[in-house]
Amino acid sequence: MIRLLGKRTLGLAYGLAFADLILSPAMPSNTARCGGVIYPIADSLARSFDSHPEDESRSKIGTFLITCIGNVNDVTAALFMTGYTGNLLAVKLAANAGVTLSWGSWFIAALLPCLVSLLIVPLLVYWLTRPEIKHTPNAPDLARKELAQMGNMARGEWLMLATVGVLLVLWIFGDTLGVDATTASFVGLSILLLSGVLTWEDVKSEKGAWDTLIWFAALLMMANQLKKLGFTSWFGNLIGDSIGSTMHGTSWMIILLLLNAAYFYTHYFFASGNAQIAALYAVFLGVGLHLNIPAAPMALMLAFTSSLYCSLTQYTHARGPILFGAGYVPTGVWWRTGFIISLFNQAVFLTVGLAWWKVLGLY
Numbered sequence: 001m002i003r004l005l006g007k008r009t010l011g012l013a014y015g016l017a018f019a020d021l022i023l024s025p026a027m028p029s030n031t032a033r034c035g036g037v038i039y040p041i042a043d044s045l046a047r048s049f050d051s052h053p054e055d056e057s058r059s060k061i062g063t064f065l066i067t068c069i070g071n072v073n074d075v076t077a078a079l080f081m082t083g084y085t086g087n088l089l090a091v092k093l094a095a096n097a098g099v100t101l102s103w104g105s106w107f108i109a110a111l112l113p114c115l116v117s118l119l120i121v122p123l124l125v126y127w128l129t130r131p132e133i134k135h136t137p138n139a140p141d142l143a144r145k146e147l148a149q150m151g152n153m154a155r156g157e158w159l160m161l162a163t164v165g166v167l168l169v170l171w172i173f174g175d176t177l178g179v180d181a182t183t184a185s186f187v188g189l190s191i192l193l194l195s196g197v198l199t200w201e202d203v204k205s206e207k208g209a210w211d212t213l214i215w216f217a218a219l220l221m222m223a224n225q226l227k228k229l230g231f232t233s234w235f236g237n238l239i240g241d242s243i244g245s246t247m248h249g250t251s252w253m254i255i256l257l258l259l260n261a262a263y264f265y266t267h268y269f270f271a272s273g274n275a276q277i278a279a280l281y282a283v284f285l286g287v288g289l290h291l292n293i294p295a296a297p298m299a300l301m302l303a304f305t306s307s308l309y310c311s312l313t314q315y316t317h318a319r320g321p322i323l324f325g326a327g328y329v330p331t332g333v334w335w336r337t338g339f340i341i342s343l344f345n346q347a348v349f350l351t352v353g354l355a356w357w358k359v360l361g362l363y
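The end of the sequence shown is residue 363 by the UniProt record's numbering, with every number in the run present.
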């Protein structure tokens with residue numbers, strides 16, 4: 001994509017966004033996707049244009065590229081249920097409240113608003129960061145050289161590609177085939193192990209995956225127990241009654257906007273996306289349902305917001321320290337850009353999103 005779009009700085013950003021988009025359905029860790037795959041490419045591109053994090057040259061192109069890949073990563077995380085580990089937790093909590101979200105229904109609901117955001121977010125970041133370098137005629141040649149050095153795809157890479165294809169089929173048509181998302185994931189892992197693409201040592205070395213597995217089990221157990229004890233319903237009704245008494249007769253869309261904004265900006269007080277989902281998703285969903293907001297829009301809006309709030313600050317997601325620690329993006333630029341992009345994404349999902357969900361018959 002850099003070879004095709006890389007003659008302009010903005011084209012580089014769209015090329016990186018497309019790469020993130022391609023990886024996102026089969027790479028649930030958006031931290032690994034952005035920090036481990038996309039960031040090194042962006043860093044290499046910035047340095048190739050003499051834009052370095054340790055001095056003012058960062059503003060040539062580095063600040064723009066690093067800011068852009070973080071904000072775009074939020075959108076690709078929201079597009080696919082398997083684009084972010086927190087999405088799976090939100091799906092489980094929504095199911096506890098009686099709202100069932102499959103891989104396919106999630107993707108269809110997210111498709112239009114996410115595409116709008118993907119198209120406009122790079123432009124908005126470009127306008128906010130104003131890179132000094134506007135044209136990058138050497139980038140396509142750099143991409144060609146890198147591709148030539150990589151050579152042809154190896155057997156393991158072809159097998160990995162085929163396995164991703166199998167996983168996507170199972171995730172998309174899982175309801176029809178009677179295969180849930182977890183079973184599909186184990187099928188994919190088994191194929192990679194049996195074919196020799198991965199070894200058991202590779203599996204054991206994925207500390208982040210094991211950490212997620214253990215913590216998810218604890219978080220889900222706690223969430224389920226709170227529901228069984230009636231705490232979630234009680235707390236949701238308590239807040240709902242308070243809001244309902246002061247906003248009696250107000251359109252549910254206005255209440256949805258306010259609840260979503262409260263959920264979004266509460267993230268300033270969290271250093272983990274998953275932690276906020278576990279603590280507040282079910283509560284805010286319960287409040288919305290108590291106030292007679294249609295279940296599907298309420299559950300979807302909170303679920304998508306749980307991905308979109310990750311770039312508010314440099315500490316509100318595990319990806320943040322990687323990108324911020326690189327030194328390209330000053331604190332003020334990060335906070336200002338994160339806040340403005342947050343307003344834009346909420347506007348898109350509350351207008352384009354709600355209209356799209358109405359067309360889909362979700363309410």
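C-beta: ideal position from N, C-alpha, C; glycine also.
query: Quick one: is D241 buried, meaning 16 or more other Cβ sit within 10 Å of its Cβ, or exposed?; result: exposed
query: Mark I38 as exposed unless 16 or more other C-beta atoms lie within 10 angstroms of its C-beta, in which case mark it buried.; result: buried
query: Alpha carbon to alpha carbon, how far is Y309 from T85?; result: 14 Å
query: For T182, which option in W200, S195, L168 and L360 has the closest C-alpha, if you only look at C-alpha atoms?; result: L168
query: For H248, count neighbouring C-beta atoms within 10 Å of its own C-beta (all shown protein chains included) and say buried if the count is 16 or more, exposed if not.; result: exposed
query: Check whether the Cβ atoms of A326 and P53 lie closer than 7 Å to each other.; result: yes
query: Residues in its own chain within less than 6 Å of L170 by CB, not counting five upstream and five downstream?; result: V179 and A184
query: By the DSSP assignment, the alpha helix (DSSP H) with K92 in it spans what residues?; result: T85 to N96
query: Could you name the residues of the same chain whose beta carbon sits closer than 6 Å to that of V329, not counting the 5 residues immediately before and after it, in chain order?; result: T63, I66 and T67
query: Check the DSSP bridge columns for H135 and list the partner residues they point to.; result: R8
query: List the endpoints of the continuous alpha helix (DSSP H) containing R58.; result: R58 -> no alpha helix (DSSP H), and no H or E assigned at all.
query: Under the rule that 16 or more other beta-carbon atoms within 10 Å means buried, what is I22, buried or exposed?; result: exposed
query: Check the Cβ-Cβ distances between E54 and every residue of chain D, and say whether any is below 7 Å.; result: Of the chains in the structure shown, none is chain D; there is only one protein chain.
query: Going by the CB atoms, is the gap between S51 and I61 shorter than 7 Å?; result: yes
query: Mind checking P25: buried by the 16 CB within 10 Å criterion, or exposed?; result: buried
query: With burial defined as no fewer than 16 other Cβ atoms inside 10 Å of the residue's Cβ, what is the status of F269: buried or exposed?; result: exposed
query: A279 by DSSP, collapsed to three states: which one?; result: helix
query: Can I293 and W252 be called in contact, C-beta distance under 7 Å?; result: yes
query: For M253, name the three-state secondary structure that DSSP assigns.; result: helix
query: Under DSSP, the alpha helix (DSSP H) around D43 begins and ends at which residues?; result: Y39 to S48
query: Measure the beta-carbon distance from A94 to A261 and round it to whole angstroms, keeping in mind my assumption that it falls under 8 Å.; result: Their Cβ separation, rounded to whole angstroms, is 20 Å, which puts A94 and A261 out of contact at 8 Å.
query: Using a Cβ-Cβ cutoff of less than 8 Å, which residues in the same chain neighbour R8 once the five nearest sequence positions on both sides are dropped?; result: K134, H135 and T136
query: Could you check where the alpha helix (DSSP H) with S342 kicks off and where it finishes?; result: T331 to V348
query: Are the beta-carbon atoms belonging to V307 and A77 less than 7 Å from one another?; result: For the record, residue 307 in the displayed sequence is Ser; it is not Val. Taking 7 Å as the Cβ cut-off, S307 and A77 qualify as a contacting pair.
query: Could you check where the alpha helix (DSSP H) with E201 kicks off and where it finishes?; result: W200 to S205
query: Below 8 Å on the Cβ atoms is my contact criterion, and I expect T313 with W334 to pass it. Report the Cβ-Cβ distance as a whole number of Å.; result: 7 Å
query: May I have the straight-line CA-CA distance separating G70 from G332, to the nearest angstrom?; result: 15 Å
query: Three-state secondary structure (DSSP) at A295?; result: helix
query: Check this for me: beta carbons of T163 and G196, under 7 Å apart or not?; result: no
query: Starting from A109, follow the alpha helix (DSSP H) in both directions and report where the run begins and ends.; result: W103 to T129
query: Do you know how far the Cα of S48 is from the Cα of V283?; result: 48 Å
query: Go through its chain and collect everything with a Cβ distance to R114's Cβ below 7 Å, but skip five positions before and after it.; result: The sequence as given places Cys at residue 114; Arg does not occur at that position. Here the set comprises V75, A78 and L79.
query: Could you name the residues of the same chain whose beta carbon sits closer than 8 Å to that of F344, not counting the 5 residues immediately before and after it, in chain order?; result: S117, I120, V121 and L124
query: Let me know the secondary structure DSSP gives G15 once reduced to three states.; result: helix
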